[in-house]
Each structure stands twice: as C-alpha cells, then as structure tokens.
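Participant: Here it is: the structure, laid out below.
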Amino acid sequence: MRIAREYETPLLLGCLALLLALAVAGEWLWKSAGQRSLRAQLSGSGGTAGVSTEAANAKAFELPPLEHFDAIVERPLFIQGRRPVSAEEAVAATPDKPFDWQLHGIVKGPDGALILLKDKAGHHHKLPAGEKLDGWELAEIADDRVVMLRGEARQTLMLQKPKPKTPAKPEPKPQQAQNQDSTDEPDDESVEDEDQPDDNNVRLHRKPPDRRR
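Take the sequence shown: its letter number 212 is residue 1455 in this note's numbering, and every next letter is one higher.
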C-alpha cells in the first residue's frame, strides 16, 4: 500500500517531533535521578560536615599569643630603619607653636617669682618659675622680660607697660564762656563813636570869617 506523496512530509515531521519529545523526557529523567542521589548523599553526611566546618573556622580565627607581636612593635615595617620613634623624637618632630601669651606683670618675693600672663581672649594666668604652660617652660625672669623654652625653641616676652593717660582738657564754666565771648566781640556803639568826628575838634579847625568888608 503506497502512501500518497502529500502525506509523506507530515509523517516525517511527526516522527521527528516524537523523537525530540523522547530525548527531552529522557534527559529530564536523568537529571532528576541525579538530583535525588545528590540529596541523599548530602543528607547522609550533613551532620559530620557541619561539625568539621565549624571546627575549621574556629581554628582559622584563633589569635596567636601577644608575644608573637613583639617583633612587629620593636621593628616596625613602615618606618625608615625599622626603629620605633621615641617620645622625645616625637615631641621634637612636632612644629613649635608660638607662645601666644602677653607678659603683664612680674612678681618677686621670698617664696619665689611668678609672672602674670594674659592671652588674646582676655584670660589671665599665673605661672611660677620653672613651670610649663602650653608646652613652654618659664626658664628666666628679668626685671622687664622673661624667657620661655620649648625644646630648642626660645622666645622672649617683654613686659607690657601701661599706656600713660593724657589728662582731659577741663571744659570752661558757662559764666567764663560768656565773659570770653563778650571780650572777643567789639561793642557796636564804640565802633560808631570812632567813625563819627568830634564836633569840638571840627569847631577848632574852622577858619574865622573875613571882616574887612
């Protein structure tokens, strides 16, 4: 029995689709079987694996004794010469900040000497000889100056002398001011009298009339 040619193409396509479906189904079955076996293995060895992992983590994060770090402290890696910086070198390396106090008084007595200081904000401070303020030591005290030391830095403070107060000019009293004004202004009547000629003087200088007629 011969199959018509018009049915050959659909028949071939159907066979190919069936083969493809069988291949997909077989692959799916194989993957699912592999997953089931892997789950069974994990469930069987899960307890021992967890314990061993925790033990490994605890051992990895266990700190060594402190003596192990002594070599790092004694020979630092990131310092030239691998020698730690001493406290004196650290102080010397810091830039010296100027002593921003002004000297406003020097007091000398039987118990010792001290100075009176004042900063820009108006705060006062008493500093005995040999004491320190802001890292500066009061080394020398003279009559009009002191010397402050900080390491190799040296700063001299001069005694601030108070400015002399100029006496205010006294204001004149009201009566004195009126008298002064009256003496400065000339009298109008006296000026008019000076401008007008004296009648007596005019009469004396007149020429007598001629009587020879």
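Cβ coordinates follow ideal geometry from the N, Cα and C atoms, glycine included.
Quick one: what's Q1345 bridged to in DSSP?
Facilitator: Answer is K1361.
Participant: Identify, in the order they occur along the chain, each residue of the same chain with its Cβ nearer than 6 Å to the Cβ of L1400, setting aside the five sequence neighbours on each side.
Facilitator: Cβ neighbours of L1400 beyond the five flanking positions: L1346 and V1389.
Participant: Let me know the secondary structure DSSP gives K1340 once reduced to three states.
Facilitator: Of the three classes helix, strand and coil, the one that applies to K1340 here is coil, per DSSP.
Participant: Can you tell which of P1353, L1259, L1285 and G1365 has its C-alpha closest to the C-alpha of A1372?
Facilitator: It is P1353 whose Cα lies nearest to the Cα of A1372.
Participant: Taking 8 Å as the threshold (C-beta atoms), are I1349 and L1306 in contact?
Facilitator: Cβ distance not < 8 Å, so L1306 and I1349 don't count as in contact.
Participant: Please confirm whether L1392 and E1380 have their CB atoms less than 8 Å apart.
Facilitator: Yes, they are a contact pair.
Participant: When the Cα atoms are used, what is the spatial distance from K1363 to G1355?
Facilitator: Going by the C-alpha atoms only, they are around 27 Å apart.
Participant: Span of the beta strand (DSSP E) holding A1382?
Facilitator: Element bounds for A1382: W1379 to I1384.
Participant: Can you give me the start and stop residues for the beta strand (DSSP E) that Q1398 sits inside?
Facilitator: A1396 to M1401 is the span of the beta strand (DSSP E), which, as asked, contains Q1398.
Participant: So, are the CB atoms of L1360 and W1344 less than 8 Å apart?
Facilitator: Taking 8 Å as the Cβ cut-off, L1360 and W1344 qualify as a contacting pair.
Participant: Count the other CB atoms within 10 Å of the CB of G1257; is the residue buried (16 or more) or exposed (fewer)?
Facilitator: Classification for G1257: exposed.
Participant: Cβ atoms of H1368 and L1376: under 8 Å apart, would you say?
Facilitator: Yes, the pair counts as a contact, with Cβ atoms nearer than the cut-off.
Participant: Could you check the C-alpha separation between F1342 and K1406 for me, to the nearest Å?
Facilitator: Cα to Cα, F1342 sits roughly 23 Å from K1406.
Participant: How would you label L1370, buried or exposed, when you count the other beta carbons within 10 angstroms and need 16 or more for buried?
Facilitator: When all chains shown are included, L1370 counts as buried.
Participant: In chain order, what residues of the same chain have a beta carbon less than 6 Å from the beta carbon of A1266, not counting five sequence neighbours either side?
Facilitator: Nothing meets the Cβ criterion.
Participant: First and last residue of the beta strand (DSSP E) that includes K1369?
Facilitator: Counting along the chain, the beta strand (DSSP E) containing K1369 begins and ends at H1367 to P1371.
Participant: Whole angstroms are fine: how far does the CA of K1351 sit from the CA of E1383?
Facilitator: About 13 Å.
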